[in-house]
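Here's the structure, in structure tokens; my notes come after.
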Amino acid sequence: MKGAPRSLEEWLFYKLMNSAGFHRFVRRIYYKVNGINPQQMETMGKTNQLFRPTGLQKFKAYRMLFWDEMRSTVGLPTITGKYLRK
């Protein structure tokens with residue numbers, strides 16, 4: 002949240018949107034309405050393999066972001082935008 006909420010309604014909205022329990026409730030209702038088996042969807046989203054970047058990959062990413070920031074500082078267009086998801 003960027004600063005204080007302007008009203009009680011806005012504060013309640015942010016609390017609700019940041020609540021994990023609310024999202025679980027909505028997901029359960031969504032599954033029931035659309036006839037989806039919740040256990041089937043839960044197993045599809047989880048994987049046992051995590052991406053662990055190597056030191057070289059971390060260095061390349063840092064270098065790209067560093068030079069991209071230097072380019073934007075002097076007013077040139079950024080390059081890394083095409084590699085990031087939108």
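Numbering-wise (the numbering used here), the sequence shown opens with residue 2 and increments by one.
Using N, Cα and C, we set each Cβ at its ideal position, and we do this for glycine too.
Could you spell out the range, first to last residue, of the alpha helix (DSSP H) harbouring residue i?
i, result
"I30", "A21 to N35"
Going by DSSP in three states, residue i sits in which element: helix, strand or coil?
i, result
"P6", "coil"
"P54", "coil"
"G76", "coil"
"Y63", "helix"
"Y84", "coil"
Give every residue of the same chain whose Cβ lies closer than 7 Å to the Cβ of residue i, excluding the five residues on either side of it in the sequence, and list them in chain order.
i, result
"L17", "F23"
"M65", "T81"
Which residues in the same chain have their Cβ closer than 6 Å to the Cβ of residue i, if we skip the five residues on either side of it in sequence?
i, result
"P39", "Y32"
"R28", "none"
"V75", "none"
Leaving out the 5 sequence neighbours to the left and right, which residues in its chain are closer than 8 Å to residue i when beta-carbon positions are compared?
i, result
"T79", "D69, R72 and S73"
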